[in-house]
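Asks:
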Amino acid sequence: MDMFISGITIFVLAIFVGFEIITKIPPTLHTPLMSGSNAISGITLVGALLSSGTQHTVTTTILGFSAVVFATINVVGGFMVTNRMLAMFKKKS
Amino acid sequence: MIDTLINLGYLISAALFIFGLKGLTHPRTAVRGNLLGATGMLLAVLITLADKHIVSFEVIIAGLVIGAAIGAILAIKIQMTAMPELVALFNGFGGIASVFVAGAALIETTLGGQVPIMQVTVATAASGFIGAVTLWGSLVAFGKLRGIINENALLFSGQQVINAILALLGLMLSAGIVLDPSSHLLYWLLVLVASILGVLLVIPIGGADMPVVVALLNSYSGLAAAATGFVLFNNVLIITGSLVGASGIILTQIMCKAMNRSLTNVLFGVLAPTGNSATADEVYTGKVKSATPEEVALLFDAARRVAIIPGYGMAVSQAQHPVANLATLLNERGIQVDYGVHPVAGRMPGHMNVLLAEADVPYESLKEMDQINMDIDQVDVALIIGANDVVNPLARTDPSSPIAGMPIIDVDKARTVVIIKRSLSPGFAGIPNPLFALDNSLMLFGDGKKMVLDIIAALKES
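Respectively, the protein sequence lines represent chains A and B. Under the working numbering, the letters of the first sequence match residues 1 to 93, in that order. Under the working numbering, the letters of the second sequence match residues 1001 to 1462, in that order.
#1: Drop a sphere of 10 angstroms on the beta-carbon of B:F1300, count the other beta-carbons inside from all chains shown, and report buried for 16 or more, exposed for fewer.
#2: With a threshold of 8 Å between beta-carbons, can B:G1334 be considered close to chain A, or not?
#3: Give, in chain order, every residue of the stretch 1096 to 1109 of chain B whose Cβ lies closer than 9 Å to some Cβ of chain A.
#4: Can you have a look at A:F16 and say buried or exposed, based on whether 16 or more other CB atoms are within 10 angstroms of its CB?
#5: Would you identify the three-state DSSP class for B:V1306, choosing helix, strand or coil?
#6: According to DSSP, simplified to helix, strand and coil, what is A:T23?
#7: Quick check: what's the CA-CA separation for B:A1303 versus B:N1433?
#8: If contact means a Cβ-Cβ distance below 9 Å, which residues of the stretch 63 to 80 of chain A contact chain B?
#9: Listing by chain order, which chain A residues have their CB less than 7 Å from the CB of B:S1242?
#10: Pull up the distance between the alpha-carbon of B:G1037 and that of B:A1044, whole angstroms please.
#11: So what's B:S1290 in DSSP terms, helix, strand or just coil?
#12: Could you check the C-alpha separation between A:A67 and B:L1166 for me, to the nearest Å?
#13: If you check the beta carbons only, do B:T952 and B:I1177 fall under 8 Å apart?
#14: Would you tell me roughly how many angstroms separate the C-alpha atoms of B:S1056 and A:F11, rounded to the nearest one?
#15: Output the residue ranges of the alpha helix (DSSP H) runs that lie fully inside the stretch 1299 to 1367 of chain B and measure 4 residues or longer, sorted by chain position.
#16: So, for B:H1342: in the same chain, excluding its five sequence neighbours on each side, which residues have a beta-carbon less than 6 Å away from its beta-carbon?
#17: Cβ atoms of B:A1345 and B:A1387: under 8 Å apart, would you say?
#18: At a Cβ threshold of 8 Å, is B:P1273 touching chain A?
#19: Identify the residues that DSSP records as bridge partners of B:K1421: which are they?
#20: B:I1070 lies in the alpha helix (DSSP H); which residues open and close that run?
#21: For A:L95, which option in B:L1064, B:D1377, B:T1252 and B:D1375 has the closest C-alpha, if you only look at C-alpha atoms?
#22: If you scan the stretch 1004 to 1066 of chain B from start to end, which runs of the alpha helix (DSSP H) of 4 or more residues do you find wholly inside it?
#23: Could you have a look at B:L1154 and say whether DSSP puts it in helix, strand or coil?
#24: Identify the residues that DSSP records as bridge partners of B:T1416: which are they?
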């Protein structure tokens, strides 16, 4: 129960932090914000690594492996495409 | 001891994600912000690999290599105009990863006949449910954006009832998982039900409402990750998931506000023109003036200030590069050129800005709606390319119109308005646009890219 309460506490506080930061992001950068937040939501990769590496059963290994693939696409693709977009935003020369 | 170190490492990762997002508050710091985020992710992955429960690395490495290769190819090959599709697809991948991780965790915890505590099973059900809705909702959104599925709103009777029944069924299956966590079949049934619900929720939503849906699914993918965090008791998943969840919700709100519609109206409502509005014939007949690119070039020659208002049509005809060239040409002749970007122009938040940035338009020239509206009456020529509903003055003048109250770019107040459009066909809202019939409006009928190129050619000749 304690862990659950501390988890909920973290969840709610992090939402507040998110609201504070994200309302300050200008509309110009909303597309990179979406692809970038997409990349960090690939954090599920952490869980996927554990499922595929602990190899409890064949099923969990397969599930873990698939999750690793999808989450990695998210992480690598997300950060790379965000970088590609952001590099295009230039100041007036 | 090692667990403490691992958790401290996760804390650093989470902090890096927050700094990364903070970097996105300005184009100058954004690239560095993104790199900070990527560093946080790398750190989280390396720490996880040090976990003593991991017995084999072959499967992990195979998965990482395959995923990284696919991700990199997608990121490098994708065209900027197709960015909404890619983001929709990535949202979906986040969802399916959560479904699989929660499913695997459920199997693991119940292996030795143990009974996981209730919070874990509730989180597992939530993870599977939100994850599957995100996956299938995103796939449908992807299909619509890509043109594989009909982009129009697809409505059938009893839609709401079916959705309610599916949601109820999902709740019952979730309760079943909580009561008997060892029956894994219930979990996969829940995923199935949520998948159908995900498809049905997005199918009825039409093209121009896609920015809202993509932002909302973005939020869901974050919430699914947070739920998985509760399953695994992993704080970095909870923190990151809630950051992404908050981000998606804020974008959803901004998009809804920019259309003066509530989220429920976007998700379940129908945009229908009301009976007493004027028909297209009444609005247009005898009043619409058509111009040639040469005439428009003459207008530009005499102008001192120009505002360009892009819409989804600019993305469709890939006209961003010619548009930017036209602006440079006008700049060289001492004409001030600004871009007025409506928040819902395009198919995702910020879509137009990215396209124009791709065409080397400096970000200082990209003006938000309120900024450009402030002195739009000083603008000599407003050039509208591929936008319709977001410049329709009916939003201000006709309270019975489906777009009544929607904030628009007030181009009708500019001295001259030039509209590049293929025909007089209505936009997403399905209503005629009196802007086209104004005394100071000129229509330039044709493909966006070709027309802009013709104007450039005419300018160079004069």
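We treat Cβ as the ideally placed atom computed from N, Cα and C, and that holds for glycine.
Replies: According to the data block:
#1: One-based indexing of the second sequence puts residue 1300 of chain B at position 300. Here B:F1300 is buried: its Cβ has 16 or more other Cβ atoms, across all protein chains shown, within 10 Å.
#2: As a position in the second sequence, residue 1334 of chain B is number 334, starting the count at 1. Answer no: the Cβ-Cβ gap between B:G1334 and chain A never drops below 8 Å.
#3: The stretch 1096 to 1109 of chain B vs chain A, Cβ under 9 Å: I1096, A1097, S1098, V1099, F1100, V1101, A1102, G1103, A1104, A1105, I1107 and E1108.
#4: Counting from one through the first sequence, the residue named residue 16 of chain A turns up at place 16. Counting C-beta atoms within 10 angstroms of its own C-beta, A:F16 has fewer than 16 neighbours from the protein chains shown and is therefore classed as exposed.
#5: Translated into the one-based positions of the second sequence, residue 1306 of chain B becomes position 306. Of the three classes helix, strand and coil, the one that applies to B:V1306 here is strand, per DSSP.
#6: Locating residue 23 of chain A in the first sequence gives position 23, counting from the first residue. In the three-state reduction of the DSSP assignment, A:T23 falls in the coil class, being assigned neither a helical nor a strand state.
#7: Position 303 of the second sequence holds residue 1303 of chain B. Position 433 of the second sequence holds residue 1433 of chain B. Inter-residue distance for B:A1303 and B:N1433 is about 25 Å (C-alpha atoms, whole angstroms).
#8: Cβ proximity to chain B below 9 Å picks out L63, G64, F65, S66, A67, V68, V69, F70, A71, T72, I73, N74, V75, V76, G77, G78, F79 and M80 from the stretch 63 to 80 of chain A.
#9: The residue given as residue 1242 of chain B occupies position 242 in the second sequence. Proximity of chain A to B:S1242 at the Cβ level (cut-off 7 Å) is accounted for by F11, A14, I15 and G18, in chain order.
#10: Residue mapping note: residue 1037 of chain B aligns to position 37 of the second sequence, counting from 1. Residue mapping note: residue 1044 of chain B aligns to position 44 of the second sequence, counting from 1. B:G1037 and B:A1044: Cα-Cα distance of roughly 11 Å.
#11: Numbered from 1 along the second sequence, position 290 holds the residue referred to as residue 1290 of chain B. For B:S1290, the secondary structure class from DSSP, reduced to helix, strand or coil, is strand.
#12: Position 67 of the first sequence, counted from the start, is the residue given in the question as residue 67 of chain A. Position 166 of the second sequence, counted from the start, is the residue given in the question as residue 1166 of chain B. Distance between the alpha carbons of A:A67 and B:L1166: 26 Å.
#13: Coverage of chain B is limited to positions 1001 through 1462, which leaves residue 952 of chain B absent and any answer about it impossible.
#14: For the purposes of this step, residue 1056 of chain B is taken as the residue at position 56 of the second sequence. For the purposes of this step, residue 11 of chain A is taken as the residue at position 11 of the first sequence. Roughly 32 Å between the two C-alpha positions.
#15: DSSP assignment within the stretch 1299 to 1367 of chain B yields the following whole alpha helix (DSSP H) runs of 4 residues or more, N-terminal first: 1312 to 1316, 1320 to 1332 and 1351 to 1358.
#16: As a first step, residue 1342 of chain B is located in the second sequence; it is residue number 342 there, counting from the start. M1369, V1390 and I1409, listed in sequence order.
#17: Indexing the second sequence from 1 puts residue 1387 of chain B at position 387. Indexing the second sequence from 1 puts residue 1345 of chain B at position 345. Yes, the Cβ-Cβ distance between B:A1387 and B:A1345 is below 8 Å.
#18: Locating residue 1273 of chain B in the second sequence gives position 273, counting from the first residue. Low confidence applies to B:P1273: its pLDDT is 47, below 50, so where it sits in the model is not reliable enough to give any reading.
#19: Working through the second sequence from its first residue, we reach residue 1421 of chain B at position 421. According to DSSP, B:K1421 bridges with B:F1445.
#20: Your numbering for residue 1070 of chain B matches position 70 in the second sequence. Counting along the chain, the alpha helix (DSSP H) containing B:I1070 begins and ends at E1058 to K1077.
#21: Outside the displayed span of chain A (1 to 93) sits residue 95 of chain A, for which this structure offers no information.
#22: Qualifying alpha helix (DSSP H) stretches, in chain order: 1027 to 1049.
#23: Numbered from its first residue, the second sequence carries residue 1154 of chain B at position 154. Residue state, collapsed to three classes: coil.
#24: For the purposes of this step, residue 1416 of chain B is identified with residue 416 of the second sequence, where counting begins at 1. Paired residue(s): B:V1381.
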